[in-house]
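J.: Position in the sequence shown (first residue = 1) + 397 = the working numbering.
Before we start, here is the structure in question, set down as structure tokens.
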Amino acid sequence: MPLQETLRFLSSFFNRPHVVGAVAPSSAGLARRMVEWIDWPNLQAVVEYGPGTGSFTRAILEAKRRESRCFAIELEPAFVAILKRRFPGVVVHQDSVANVRALCDREGIEQVDAIISGLPWAAFPESLQTQFLDAAMSVLKPGGQFVTFAYLQGLLLPAGKRFRRMLQRYFAEVGTSGVVWFNLPPAFVYRCRR
Ligand SMILES: C[S@@+](CC[C@H](N)C(=O)[O-])C[C@H]1O[C@@H](n2cnc3c(N)ncnc32)[C@H](O)[C@@H]1O
């Protein structure tokens, strides 16, 4: 990734730490972990939450079938501009994931098979975690897959522990990947099925 984009990420973090939630983009190793569990051969539609500068977007584009529908929702305008430059074929909505139902309607998508989330869940208050998960449930198919990453150290923090309990309430199945050590900071993936 060009230095300019790395600096853009860092400056967005310092301007809005509770929105960006990370000092650097995720590694390619974490991106692989994010997409490897998804049932790509049977997937009709997927939505990416909080793509930032596109670490997971690239992995999604490499994994998905050409005919599967895909769009991304990113709040930060500077990241949206970078994404549109790097991935001209990808539909990116500059909006909040709270509005995923309306955005799916706009895209003509009734339900999605998977949500791939790059959001910093542990940085959000409980009210936002609940609002975003409720909205996700309004578009995710029964049996649909939801993946999101968490930083290892976040497991010790109250917001991280609360988020894990919340996932267990919302999803029929909650598993985890192994730890991706080659990421700043080390992280793992929650693999949830509705
Ligand atoms: C931890 S960064 C991850 C970026 C990228 N997925 C990665 O792993 O490198 C979190 C991203 O979520 C975005 N974000 C935070 N709250 C959001 C919301 N409510 N709706 C959409 N995007 C949001 C931030 O702007 C940021 O790009």
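Built from N, CA and C at the ideal position, the CB exists for glycine as well.
Owing to the predicted nature of the structure, the values given are computational and were not obtained by experimental measurement.
If you count every other CB in all the chains shown that lies within 10 Å of the CB of residue 482, and 16 or more means buried, which is it?
T.: That one is exposed.
J.: Please go through the segment 439 to 469 and give each complete alpha helix (DSSP H) segment of 4 or more residues, from N-terminal end onward.
T.: The qualifying runs are 452 to 460.
J.: Which runs of the beta strand (DSSP E) spanning at least 3 residues fall entirely within the segment 482 to 556, listed in chain order?
T.: Qualifying beta strand (DSSP E) stretches, in chain order: 488 to 491, 509 to 514 and 537 to 548.
J.: So, with DSSP's three-state summary, where would you put residue 569?
T.: Three-state DSSP puts residue 569 in coil, outside helix and strand.
J.: Can you find at least 3 beta carbon pairs, one from the segment 409 to 427 and one from the segment 508 to 524, that sit closer than 8 angstroms?
T.: Short answer: they touch.
J.: Along the alpha helix (DSSP H) that carries residue 432, what are the first and last residues, could you check?
T.: Taken as a continuous stretch (DSSP letters only), the alpha helix (DSSP H) holding residue 432 covers 425 to 432.
J.: Given 6 angstroms as the limit, tell me if residue 504 has its C-beta closer than that to any heavy atom belonging to ligand 1.
T.: Incorrect: residue 504 has no Cβ contact closer than 6 angstroms to ligand 1.
J.: Which one of 561, 531, 577 and 582 has the shortest CA to CA distance from residue 550?
T.: Considering only alpha carbons, the answer is 582.
J.: Run the proximity test for residue 470: is its beta-carbon closer than 6 angstroms to any non-hydrogen atom belonging to ligand 1?
T.: At least one heavy atom of ligand 1 is nearer than 6 angstroms to the Cβ of residue 470, so yes.
J.: So what's residue 477 in DSSP terms, helix, strand or just coil?
T.: Three-state DSSP puts residue 477 in a helix.
J.: Is the closest heavy atom of ligand 1 to the C-beta of residue 584 under 6 angstroms?
T.: Residue 584 Cβ: outside cutoff for every heavy atom of ligand 1.
J.: Since residue 498 contacts residue 524 with CB under 8 angstroms, what's their CB separation in whole angstroms?
T.: At roughly 18 angstroms, the Cβ-Cβ gap does not stay under 8 angstroms, so residue 498 and residue 524 are not in contact.
J.: Is the Cβ-Cβ distance between residue 442 and residue 463 less than 7 angstroms?
T.: Not a contact, by the Cβ cut-off of 7 angstroms.
J.: Which value, in whole angstroms, describes the spacing of the CA atoms of residue 446 and residue 578?
T.: About 23 angstroms.
J.: Looking at residue 512: is its Cβ nearer than 7 angstroms to the Cβ of residue 533?
T.: Yes, the pair counts as a contact, with Cβ atoms nearer than the cut-off.
J.: In the structure shown, what three-state DSSP assignment does residue 588 receive?
T.: Strand at residue 588.
J.: Using a threshold of 6 angstroms, is the CB atom of residue 423 nearer than that to any non-hydrogen atom of ligand 1?
T.: Yes - ligand 1 has a heavy atom lying nearer than 6 angstroms to the Cβ of residue 423.
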